[in-house]
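For what it's worth, our numbering labels the leading residue of the sequence shown as 1269, then goes sequentially. Have a look at the structure below, then the notes.
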Amino acid sequence: MLQLLIRLLLRLLYRLEVHGQPPRSGRGLVIANHQSFLDAPILWSMLPRDALWLVHTQVMEQWVFRFLLKAADYIVIDVTKPLGVKEAMAALERGRQVVIFPEGRVTVTGALMKIYDGPAFIAAKTGAPVTVAVIDGAARARGFTRMRGDFPLAWLPKIRVTWFEPQVIRMPEGRTGRERRRAASEAMRRLLQRSMCLAKPKRSLFEAFLEAVDVFGRSRDMVEDAGGTRMTYGRLLRGALALGRLTAKFTAEGEAVGVLMPNAAATLALVLGLMSRRRVPAMLNFTAGLEGMQSAMRAAQVKTVITSRTFLERAKLEETAARLEGAHVVLLEDLRARLTLADKLWLLLFALRFPRKAALHAAPEEPAAVLFTSGSEGRPKGVVLSHWSILSDIEQALTVLDVSPADRIFSAMPVFHSFGLMAGFLLPVVSGIRVYLYPTPLHYAAIPELYYDRDATVMFATPTFLKHYAKRAHPYDFRRTRLLVAGAEKLTEEVEQAYFEKFGQKIYEGYGATECSPVISVCTPMRARRGTVGEPLPLMEVRLEPVEGLEEGGMLHVRGPNVMLGYLRDSRPGVLEPPESRFGPGWYATGDLAVIEDGFIRLLGRQKRFAKVAGEMISLELPERIAGRASPRHLHAAVARPDPARGEMIVLATEDAALAREALQAAAREMGAPELALPRRIVAVEKLPLLGTGKLDYPKIAAMMEERLGGSRS
C-alpha cells in the first residue's frame, strides 16, 4: 500500500514518466545512476518489496531514506569495508534481488561520477543478470539534489525513468584480483553510460533548444561574441523565430541554404532559425576560395546564400560573394529590414508564446545541416548530418565529459568546421552552457587574453592553434580552465608538455570526423591514456580492417547514431550516398589506421598518409614528429613521392631553413624511430599552407614539392 501511495505521489508531483519494465521478483542486480536523494524512493516504488538494498553510509544521513528503509530490507555498506559486498553476493546466490547505486554518492556534476569496484565485482562474480535504470530530471529537484550554482533547479521538475533489459557482466581476465575488479568496474561504467545515452528521447535540434529554454529560462545569458553582442535565451529565441519566418519567404522546406557567416551570435540565431522552418543550413567554408565554395554549392544544390555585409567587408570577400554563380545572395542587414508589421505581430502575439506551434516539426532523422570535408586530401564533399546525428553526438559527449551549466566555453573554431558547429554552437545552446564566440582562431595573442578576461573554463581547439596560444599566453591566462580538448590533428608531445609546464593544464585528446558529427572518441578526466585518442563514445561501434603490410592494427571503421546520412558530391549534385563499408551499410570507413588497446584507440595515421619505403609501411606522421622534436618551434610536413629504387621516398617540407639531416638523425635515435622514417629530401619553404581549420593543406604541399623537385606526384 505504501509503495502504491509513493508511486502515485511521485507521478502527481514530479509527472513521473516510466519507460520499459522494472524487473519482477527473482535473482538479479538492479543498478542506477544517482541524480538525487529522490532516486531510491522512485526505484523503491517500482521494485518488489523483498529486494535487498545496499545503502552507502552517506545516504543514511537523509531523512527520506531513513523513513523508507523502515519498510525495506537493507545493508549499510562502507566503501572501505568488504563485509557488505559479501552479504550482497550471498543474497544473490540465494536468489534475491539486490539494488545498488554504483556511484556510491549523489552526483555533484550532473554527469556520471566514478563507479566503485564492489558493485561490478558482485555482478561479475555471481553472474547475476544486471538491470539498469536510468533516472533523468531528478538532479534538478530542489531540496533533494547536490547540484548548486548555475544548475537550473526546480521544486517539481519532470522526472523520467527508463528501464533496460537485463545483461550479464562477465568476469574479465586479469593477472590479479584487483585488475579483474577494475576491469569489471569499467564494464559497468560503459553499460551505465551506454544506457544513459539510449535513454535520451529522439528529437530535432530546435526542439532540444526549446527544451533548454524552458529549463534554464529566457532570462539566462547564453552567448556573447567579439562584436559585443550578448544574447539571453529569450533574445536568441526571438532572433531565431524572426529569421526563420523571414528566410521561409524565399526558400523551400528541405532546401539547403548557404550560410556564409563568421563565428557570431547572429550566425547562431540564423542557424536555429533555418532549422525551425525545416531548412537545412549548408555551412560554406569561406577560406576555401571561390572554386571551393562553388564546388560545395553544386554538391548540395545551394541556390540561396545568406551572409552579412559587415562580414564580407571585414573579410574582404565582397568580390568572391559577387562571383558566386547561380546563387541568390541575401544580406542579413537587408533581411532585417524586411520584417513587416504582420511579422512583428506574429512574433509577439503568437510565436514567442507558442514557439513549438510556430516552428515546423522536423523528424529527428531529417537532414539538419550540410558541412563540407576540409579538402585536406582532395576535393571537398558535402556531409549531410541529421538532427539526431548531431544531437546524439552531443548527448554522448556530455555523458562522458565533465562539463556543466556552471562552465563557460570559449569557441574560436569556425562554424563551417564540424568541431566549431557542434562544440561551439549547438552543444552550448542545448545544454545551457554559456559560450563566447570569437570569429577566428588565428589571433594568437588576443585569444588567451580574452579567454582570461571572460573567465572561460572550457576550450576546444586544434593542437596547431593551442601551440600558438601557448607561445603568447601569460601563465595565468588559463587559470580557470577545467577542460581543454584538442582534436582534428595529432597532439604533439611539445604542445602537451608546454601546457602542463606553463599553465599546469592537461590536454585531453579527442578524435573525430565531419562524417561522425564529429566526435568518435575522446580522453576524459575519468578515462585517459597518453598516446591515444580515448575510448569510443558510448554508442559507437568500432572494427578494424586488416591492411597489407601493417603488422598491428588496421583501418578503423565506425558505426553509430552520430554517423552521417551520407555524402553529396559536385559530380552528382543532390544525390545522397549513404555510408557503407566492407562491414555493411551504416558503417563509415574513416581512412585512419589504428590499434585498439584496452578499449582505447591509438591512431597510427591516415592510410593515404603512409609511404611504402623498401616494402615497409611508414606513417608520414612519424617523420613529422621527428622533425618536431629536432625543431620544435617550426612547422613541418611530410609527403611521399615515387622512388625507382625503394618504391617511395619521404620528402620533408619545413619552415626551418637551418634544419639538417644530422639533427633529424639525432632526434630519431632519441625516439627510437627506424632509419626508414627519415626523409630522403629536406625542402625549406617560407610558409606551409594551412586550411581554414588549422590543418596542413597536404594537396598544396604535395604540389609545391612537385614544382620544386619535378617529376610526377605520388
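Positions of the beta carbon are idealized from the N, C-alpha and C atoms, including for glycine.
Straight-line gap, residue i to residue j (C-alpha atoms, nearest Å)
i	j	result
Arg1874	Leu1920	17 Å
Arg1702	Asp1860	34 Å
Ser1544	Val1697	14 Å
Ala1520	Thr1535	20 Å
Val1298	Val1366	6 Å
Thr1858	Gly1352	47 Å
Thr1515	Val1597	12 Å
Leu1600	Leu1311	52 Å
Pro1846	Tyr1835	7 Å
Asp1307	Asn1301	9 Å
Pro1814	Ala1451	27 Å
Thr1575	Met1529	6 Å
Leu1322	Ile1345	6 Å
Ile1969	Thr1588	24 Å
Glu1975	Asn1830	41 Å
Pro1806	Glu1633	20 Å
Phe1579	Pro1709	16 Å
Pro1900	Ala1401	50 Å
Ala1691	Val1548	19 Å
Ala1358	Met1439	17 Å
Arg1606	Ala1532	21 Å
Pro1731	Tyr1779	12 Å
Lys1382	Leu1459	13 Å
Gly1650	Lys1354	57 Å
Ala1935	Arg1798	20 Å
Beta-carbon proximity list for residue i, same chain, < 7 Å, skipping 5 on both sides
i	result
Ala1407	Gln1303, Ser1304, Thr1375, Gly1378, Thr1413 and Met1415
Arg1811	His1825 and Phe1851
Ala1781	Ile1788 and Thr1858
Glu1803	Ser1789, Arg1795, Gly1867 and Phe1868
Gly1395	Val1436
Leu1872	Gly1821, Leu1861, Ala1862, Val1863 and Ser1887
Ser1463	Val1400, Val1402 and Phe1432
Pro1623	Leu1478, Leu1505 and Leu1509
Distance between beta carbons of residue j and residue i, contact taken as under 8 Å
i	j	result
Val1801	Leu1751	Rounded, the Cβ-Cβ distance is 16 Å, inconsistent with contact.
Arg1827	Gly1867	Going by Cβ atoms, the distance from Arg1827 to Gly1867 rounds to 16 Å, so no, they are not a contact pair.
Leu1888	Ala1908	6 Å
Val1790	Tyr1776	7 Å
Ala1564	Phe1640	5 Å
Tyr1501	Arg1486	5 Å
Met1314	Pro1290	4 Å
Ala1680	Tyr1706	4 Å
Ala1556	Ala1524	With 8 Å as the limit, Ala1556 and Ala1524 do not qualify as a contact, their Cβ atoms being about 17 Å apart.
Residue i in three-state terms, based on DSSP
i	result
Ala1781	coil
Val1436	coil
Asp1341	strand
Gly1411	coil
Leu1552	coil
Ala1796	coil
Glu1991	Outside the modelled stretch of the chain, which goes from 1269 to 1982, sits residue 1991, for which no answer is possible.
Thr1732	helix
Glu1587	helix
Thr1922	strand
Tyr1704	strand
Met1490	strand
Trp1431	strand
Tyr1776	strand
Phe1579	helix
Beta-ladder partner(s) of residue i, from DSSP
i	result
Pro1804	Ser1789
Met1823	Glu1813 and Leu1861
Ser1686	Looking at the DSSP assignment, Ser1686 forms no beta bridge with any residue, so it has no partner.
Pro1910	Glu1916
Pro1635	Ser1654
Ser1679	Leu1705
Phe1868	Glu1865
Beta carbon proximity, residue i to chain B, threshold 8 Å
i	result
Val1826	Protein chains in the displayed structure number just one, and chain B is not present.
Neighbourhood of residue i by C-beta distance below 6 Å, restricted to the same chain and skipping five residues each side
i	result
Ala1724	Arg1676 and Phe1678
Ala1356	Leu1322, Val1366 and Ile1390
Gly1842	Gln1569
8 Å Cβ shell around residue i - same chain, five flanking residues per side excluded
i	result
Arg1275	Leu1284, Ser1313 and Met1314
Arg1740	Tyr1712, Ala1713 and Pro1716
Arg1506	Leu1615 and Leu1620
Tyr1767	Leu1734, Ala1738, Phe1746, Leu1752, Gln1773, Lys1774 and Ile1775
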